[in-house]
Amino acid sequence: MRAEYSSGDLARATGNTVRTIRFYEEQGLLRPAVVSEGGHRRYTGEDLEKLRLIADLRELGLPLSEIRAVLDLRTGCATAAEFAVRFEQVLVGHIEQAQRRLDRLRRVKRELTEALSAIQSRLACHDPSRCPCAVGETLSSMRIVKVLAKSGLCQHGRRKDEPKS
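Per the working numbering, the very first residue in the sequence shown carries number 1; after that it's consecutive.
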């Protein structure tokens with residue numbers, strides 16, 4: 001395969017930085033096909049695909065050590081069947097991990113949507129009991145609202161314990 005890509009080409013194609021690509025090299029995840037006497041690195045289309053896989057696995061939340069293990073699956077396999085068994089085990093584990101992450105993301109999205117709806121329903125209201133900050137005081141409030149809402153301020157900037165003027 002031809003080494004047709006520079007570090008900058010890989011960075012642009014994957015949304016990474018040249019520094020990230022160099023870091024992956026330092027970690028043993030990526031190796032340039034050719035390094036010139038001047039230190040210019042050249043990569044193949046296979047390297048580009050490997051970098052995309054690394055990015056996908058990072059997005060999944062895998063630490064570099066696990067990514068390295070995935071990339072090294074073929075190492076030490078005497079047969080294609082042995083590789084297939086290893087590969088299946090890794091895939092099952094990562095699919096389960098991806099599902100847990102998707103479930104968590106869906107829950108967070110639902111909470112954010114509910115929080116947005118609760119805040120929007122109170123923004124246009126002039127009743128102090130429906131003040132946006134009061135949304136954090138209800139039992140059914142979402143975690144994000146409870147954590148982020150300032151409980152002492154009302155819509156007019158007064159603290160609840162201050163007398164009305």
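Positions of the beta carbon are idealized from the N, C-alpha and C atoms, including for glycine.
For ARG41, the uninterrupted beta strand (DSSP E) segment begins and ends at 41-43. In this chain, the alpha helix (DSSP H) harbouring GLY93 covers 80-123.
In the displayed model, SER7 falls within a helix according to three-state DSSP. Annotated as proximal: TYR43 and ALA33, with beta-carbon spacing under 7 angstroms. For THR75, there is no enclosing alpha helix (DSSP H), as DSSP marks it with neither H nor E. HIS40 and SER6 have their C-alpha atoms some 8 angstroms from each other.
Inter-segment contact for the segment 76-85 and the segment 107-126 is absent: fewer than three beta-carbon pairs are separated by less than 8 angstroms. By the 16-neighbour rule on beta-carbons within 10 angstroms, ALA115 is buried.
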